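>
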Amino acid sequence: MHRVTLLAPAGSPEAADAALRAGADAVYVGLKGWSRGGYRGELTRDELRETLRKAKRAGKTVWLAANIIPRPAERAHLVRELAGLADLGVDGVIVNDAGFLREVKRTFPGLLVSASVGCGALNEGDVLFYEALGADAVVLPGNLDPDEVAAIKARVSIQLEVMVHMVQQFIQLGKCFMPSYLHFHPTEKEEVGLRLTGSMKRGGVGVCFKVCQEPWDLYRDGQRVDRRLFPAQQVSRLADLGKFLDAGVDIVKLQGRSLPAELLALLVRRYRAAIGAWEGRRWFEPEPAALPSMWTVVGR
Amino acid sequence: MVRAGAGCTPVDVDGGGAMKSFELNTTISNRRNLLESDLSPFDAVYLGNIYCRLYEQNFLERLDDLREGIARVKEAGLKAYVTTYAAPRNNFLPKIRKALEVAASVPADAVEVHNLGVLRMAHEEFPGLKVHIGGFANVYTDAGAQVLKEYGAQRVTPNYELSLEEIDELARAVDVPAEILVHGKMPLGISDYCFLLDYEEKWGIKCPTLCQLDLFVKKDGWAMRSAGKGIMSGKDVCMLEHLPALLRSGHWAFRIEAAYETPAYRQQIGQVYREALERAMADDSYAAEERWWEVVRAHAQIGLCNGFYFGKTGMEYLGVQSGALASFTGRPTAVD
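First to last, the sequence lines map onto chains A and B.
Taking my numbering, the leading residue of the first sequence gets 7, the next gets one more, and so forth.
Taking my numbering, the leading residue of the second sequence gets 82, the next gets one more, and so forth.
(1) What first and last residue would you give for the alpha helix (DSSP H) that runs through alanine 437 (chain B)?
(2) Can you check which of these residues, A:Asp223, A:Gln240 and A:Val68, is closest to aspartate 232 (chain A) by C-alpha distance?
(3) Kindly indicate which residue of A:Glu154, A:His8, A:Thr113 and A:Cys182 has the alpha-carbon position closest to the one of cysteine 125 (chain A).
(4) Does the CB of arginine 226 (chain A) have a neighbour CB from chain B at under 7 angstroms?
(5) Please identify the residue among A:Glu154, A:Val155, A:Gln178 and A:Ser163 whose C-alpha is closest to the C-alpha of leucine 139 (chain A).
(6) Going by Cα to Cα distance, which pick from B:Arg355, B:Ile261, B:Asp365 and B:Val192 is closest to leucine 120 (chain B)?
(7) Just to check my reading of the structure: tyrosine 162 (chain B) and tyrosine 127 (chain B) have Cβ atoms closer than 8 angstroms, yes? What is that Cβ distance to the nearest angstrom?
(8) Give the DSSP-derived three-state secondary structure of arginine 236 (chain B) in the structure shown.
(9) In this structure, does DSSP put histidine 264 (chain B) in helix, strand or coil?
(10) Please report whether the beta-carbon of alanine 168 (chain B) lies at a distance below 7 angstroms from any beta-carbon of chain A.
(11) Taking C-beta pairs closer than 7 angstroms, name the residues in chain B that alanine 157 (chain A) reaches, listed in chain order.
(12) Using the beta-carbon of each residue, which ones in chain A are nearer than 7 angstroms to serine 272 (chain B)?
(13) Determine the contact status of leucine 235 (chain A) and alanine 280 (chain A), defining contact as a CB-CB distance below 7 angstroms.
(14) Can you pull the chain A residues whose beta carbon is under 9 angstroms from the beta carbon of asparagine 106 (chain B), in chain order?
(15) Could you say which of B:Leu399, B:Tyr390, B:Pro325 and B:Ala339 lies nearest to aspartate 365 (chain B) if we only look at CA atoms?
(16) At 4 residues or longer, and completely inside the segment 180-214 of chain B: list those alpha helix (DSSP H) runs for me, N to C.
(17) Pull up the DSSP beta-bridge partners for aspartate 223 (chain A), would you.
(18) Which of the residues in the segment 22-42 of chain A, read from start to end, lie with their CB under 8 angstroms from any CB of chain B?
(19) Taking C-beta pairs closer than 7 angstroms, name the residues in chain A that arginine 201 (chain B) reaches, listed in chain order.
(20) State the DSSP-derived secondary structure class of alanine 21 (chain A), mapped to helix, strand or coil.
(21) Given valine 152 (chain A), which residues of its chain have a CB within under 8 angstroms of its CB, disregarding the five upstream and five downstream residues?
(22) Taking only beta carbons into account, state which residues of the segment 220-241 of chain B come closer than 9 angstroms to chain A, listed in chain order.
(23) I need the straight-line Cα distance from glutamate 182 (chain B) to leucine 197 (chain B), nearest angstrom please.
(24) Report the start-end ranges of each beta strand (DSSP E) in the segment 117-199 of chain A that is 3 residues or longer and not cut off at the edges.
(25) With distances taken between CB atoms, is the gap from phenylalanine 106 (chain A) to arginine 201 (chain B) smaller than 7 angstroms?
(26) DSSP three-state label for glutamine 138 (chain B), please.
(27) To the nearest angstrom, how far is it from the Cα of valine 241 (chain A) to the Cα of histidine 171 (chain A)?
(28) Who pairs with leucine 294 (chain B) in a beta bridge, going by DSSP?
(29) I'd like to know if threonine 394 (chain B) contacts chain A, where contact means its C-beta is closer than 7 angstroms to some C-beta of that chain.
(30) Give me, in chain order, the residues of the same chain whose beta-carbon lies closer than 7 angstroms to that of lysine 62 (chain A); leave out the 5 immediate sequence neighbours on both sides.
(31) Does the Cβ of arginine 112 (chain A) have 16 or more other Cβ atoms within 10 Å, making it buried, or fewer, making it exposed?
(32) Quick check on glutamine 175 (chain A): buried or exposed, where buried means 16 or more other Cβ atoms within 10 Å of its Cβ?
(33) With three or more C-beta pairs closer than 8 angstroms as the rule, is the segment 286-295 of chain B touching the segment 236-252 of chain B?
(34) Three or more C-beta pairs under 8 angstroms: does that hold for the segment 178-194 of chain B against the segment 209-226 of chain B?
(35) For the segment 73-84 of chain A, which residues have a CB atom closer than 9 angstroms to at least one CB atom of chain B, in sequence order?
(36) Alpha carbon to alpha carbon, how far is alanine 72 (chain A) from histidine 83 (chain A)? Give it in angstroms, no decimals.
Here you go:
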């Protein structure tokens, strides 16, 4: 039986504290200006320092979501900044660009580097590609089946993360350019100075204003025939967690840096219990069976 | 003007004998579309539909058709490229491998990959195949392009969100040609799920016919084209009046995106751009002709845009020729 890490999101120091106390082995956070999560789900440097201190005291780890896609001039700056963050004690970094991933790994060989779910890895070839680049882990989306994950795990040497709690939007994560086609605008005034330039996809001042979660009119041959949302669903693979772990998943990842601390803690405890049951070869019955809507990140 | 060989159109740019060339290519999903299409404006064709395995008689699922399609395109004096799925799960890989085998055997002139796992497959198992990187591979940076070049990429379609300034910077830094979408609906996303299937019962129309209908989603003056598992811009990207700038920047590979368009669209828009590119290469005082705009407007149901090429929101149009905008978006905005 392999070691399993429960990796929880944290959009604030309070959320990080709550997740770690609830049983997460690690948390991933965004630093202001560094991630695609948006201003509200990101920490200041002082908050990151505080989170790192508490995590280290508890014997836990902290990953940095650096899943922006910097331009060449921005990249050099970010790599310099990353040196300081590594010195602070960040254990790993999550990135979204193959070139940036390789550069980070080469520059900081002691830092764990994960290919974000935004890299769009879906198959064994994708994971092998990132493995060859130096990634320590690759994130797969939670809508894959356990047998797909098992087939991938059989071919690779690095860690597999599966985002078992996530919103499955209509468009595949990492492959959506709808928001910036429709509108560019900064999310918050404070962000403009911090953020890189470019679209939301790149972590820039553009924003994903959840256009897919608003109603659209469908026209056929010029006539309006329907009003609808793009399909989206909250994926929560708690019932299949044992199968994913049997398939060899190393890191159970939860999405939701926008979740408030108290809800995040409940979510983490749920998955902690499931992992514990798997480790103890015990039957696990999720209670309640269905995920209450308050835990969903859809619409946040 | 002399045709120097399959797949390029040389033009004597300055009369001094220095021949330069461009490639105008397009996309065709299946044998029926290929047989219906007049390819005379084009230098190359990408065969296959990248969005869906169930697309009607997709070349990527019908390997005999693919073999025949490559041969037909090459017999017509054009280059034949085979594209591949943009978001393949593990169970797609065996079929993709077979399509690459066909591409290698006929042979096709290149394969286009949008997925890094497929790039790896092409690189390791079919090293003789030339590789073009497609737009869904998310090449945003010089560093990313460099990685792919080391995996054998000989041409890159940068992510559609990049500006021309960024594309130029990337192409120079990595010394790899960029393919530029000059006309057609820009891909905006790909899904694992086809929401048009919800309408099979309601409309009495089955897959694979559904996604070939005239389907747009609209809201607040915005519009996008639905292709079932794909979503594309509602407006056509149109770089007709900006061709000289593209050529001056050293770009020579240009695409007319027509996977979900009619044969008439493909031929007429292709003919406009063929004439326009030849004119732009030969004439310093290039200006798009009104008769070209008439064709472009006739096929642009929603309107025209420049995508992200000028660092603006993708659905904006920037240009100085009012003929581009007569019926659609109002006052043209000057290029910065």
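The beta carbon of each residue, even a glycine, is placed where N, CA and C say it ideally should be.
Predicted, not measured: the structure shown is a model, and the values here were computed from it.
Well, looking at it:
(1) Here chain B comprises residues numbered 82 to 417, so residue 437 (chain B) is not present and cannot be evaluated.
(2) On the first sequence, residue 232 (chain A) is found 226 positions in, with the first residue counted as 1. Comparing Cα-Cα distances from aspartate 232 (chain A) to each of A:Asp223, A:Gln240 and A:Val68, the minimum goes to A:Asp223.
(3) To locate residue 125 (chain A), count along the first sequence from 1; it is residue 119. If we check each option's Cα against that of cysteine 125 (chain A), A:Cys182 comes out closest.
(4) Residue numbering aside, residue 226 (chain A) sits at position 220 when the first sequence is read from its first letter. Under the 7 angstroms criterion on CB atoms, arginine 226 (chain A) is classed as interfacial with respect to chain B.
(5) Stepping through the first sequence from its first residue, residue 139 (chain A) is reached at position 133. Comparing Cα-Cα distances from leucine 139 (chain A) to each of A:Glu154, A:Val155, A:Gln178 and A:Ser163, the minimum goes to A:Ser163.
(6) Translated into positions along the second sequence, residue 120 (chain B) becomes position 39. Ranking B:Arg355, B:Ile261, B:Asp365 and B:Val192 by Cα distance to leucine 120 (chain B) puts B:Arg355 first.
(7) What you label residue 162 (chain B) is simply residue 81 of the second sequence in a count that begins at 1. What you label residue 127 (chain B) is simply residue 46 of the second sequence in a count that begins at 1. The beta-carbon separation of tyrosine 162 (chain B) and tyrosine 127 (chain B), rounded to 5 angstroms, stays under the 8 angstroms limit for a contact.
(8) Along the second sequence, read from residue 1 onward, the residue named residue 236 (chain B) stands at position 155. Of the three classes helix, strand and coil, the one that applies to arginine 236 (chain B) here is strand, per DSSP.
(9) The residue labelled residue 264 (chain B) in the question sits at position 183 within the second sequence. Three-state DSSP puts histidine 264 (chain B) in a strand.
(10) By one-based count along the second sequence, residue 168 (chain B) stands at place 87. Proximity of alanine 168 (chain B) to chain A, defined by a Cβ-Cβ separation below 7 angstroms, is satisfied.
(11) Here residue 157 (chain A) refers to the residue found at position 151 when the first sequence is read from its first residue. Result: Asn171.
(12) Position 191 of the second sequence, counted from the first residue, corresponds to residue 272 (chain B). Per Cβ cutoff of 7 angstroms: Phe176, Ile177 and Gln178.
(13) In the first sequence, counting from the first residue as 1, residue 235 (chain A) sits at position 229. In the first sequence, counting from the first residue as 1, residue 280 (chain A) sits at position 274. No, these two residues do not count as a Cβ contact at 7 angstroms.
(14) Position 25 of the second sequence, counted from the first residue, corresponds to residue 106 (chain B). Here the premise fails: no neighbours, minimum Cβ distance about 21 angstroms.
(15) What you label residue 365 (chain B) is simply residue 284 of the second sequence in a count that begins at 1. Just measuring C-alpha positions, the residue of B:Leu399, B:Tyr390, B:Pro325 and B:Ala339 sitting nearest aspartate 365 (chain B) is B:Pro325.
(16) For the segment 180-214 of chain B, whole alpha helix (DSSP H) runs of length 4 or above, ordered along the chain, are 197-206.
(17) In the first sequence, counting from the first residue as 1, residue 223 (chain A) sits at position 217. In the DSSP assignment, aspartate 223 (chain A) is bridged to A:Arg233 and B:Lys299.
(18) Answer in chain order: no residues at all.
(19) Position 120 of the second sequence, counting from 1, holds the residue named residue 201 (chain B). Result: Gly131, Leu134 and Phe135.
(20) Here residue 21 (chain A) is taken as the residue at index 15 of the first sequence, counted from 1. Reduced to three states, the DSSP call for alanine 21 (chain A) is helix.
(21) For the purposes of this step, residue 152 (chain A) is taken as residue 146 along the first sequence, with counting starting at 1. With the sequence shown as reference, residue 152 (chain A) is identified as proline, and valine is not the correct amino acid for it. The residues are Asp246, Lys249, Phe250, Asp252 and Ala253.
(22) For the segment 220-241 of chain B, which is checked against every Cβ of chain A, the residues closer than 9 angstroms are Val220, Tyr221, Thr222, Asp223, Ala224, Gly225, Ala226, Gln227, Val228, Leu229, Tyr232, Asn240 and Tyr241.
(23) The residue you call residue 182 (chain B) lines up with position 101 of the second sequence. The residue you call residue 197 (chain B) lines up with position 116 of the second sequence. When rounded, the distance between both Cα atoms is 18 angstroms.
(24) Taking only runs of at least 3 residues, the beta strand (DSSP E) segments lying wholly in the segment 117-199 of chain A are 118-121, 143-147 and 165-174.
(25) Position 100 of the first sequence, counted from the first residue, corresponds to residue 106 (chain A). Position 120 of the second sequence, counted from the first residue, corresponds to residue 201 (chain B). No, the Cβ-Cβ distance between phenylalanine 106 (chain A) and arginine 201 (chain B) is not below 7 angstroms.
(26) If you number the second sequence from 1, residue 138 (chain B) lands on position 57. It is coil, neither helix nor strand.
(27) Taking the first residue of the first sequence as 1, we reach residue 241 (chain A) at position 235. Taking the first residue of the first sequence as 1, we reach residue 171 (chain A) at position 165. Using only the alpha carbons, I get a separation of about 5 angstroms.
(28) The residue given as residue 294 (chain B) occupies position 213 in the second sequence. For leucine 294 (chain B), which the question treats as bridged, DSSP gives no partner whatsoever.
(29) Position 313 of the second sequence holds residue 394 (chain B). Chain A contact via Cβ: present.
(30) Residue mapping note: residue 62 (chain A) aligns to position 56 of the first sequence, counting from 1. For lysine 62 (chain A), where only same-chain residues beyond five positions count, the Cβ hits under 7 angstroms are Gly95.
(31) Here residue 112 (chain A) refers to the residue found at position 106 of the first sequence. Arginine 112 (chain A) comes out exposed.
(32) Your numbering for residue 175 (chain A) matches position 169 in the first sequence. It is buried - the Cβ of glutamine 175 (chain A) has at least 16 other Cβ atoms within 10 Å.
(33) Because the criterion of three Cβ pairs below 8 angstroms is not met, the segment 236-252 of chain B and the segment 286-295 of chain B do not touch.
(34) In the pairwise beta carbon analysis, the segment 178-194 of chain B is classified as touching the segment 209-226 of chain B: at least three pairs are separated by under 8 angstroms.
(35) Along the segment 73-84 of chain A, going in chain order, the ones with a CB nearer than 9 angstroms to a CB of chain B are Ile75, Pro76, Arg77, Pro78 and Arg81.
(36) To locate residue 83 (chain A), count along the first sequence from 1; it is residue 77. To locate residue 72 (chain A), count along the first sequence from 1; it is residue 66. For histidine 83 (chain A) and alanine 72 (chain A), the distance between alpha carbons rounds to 13 angstroms.
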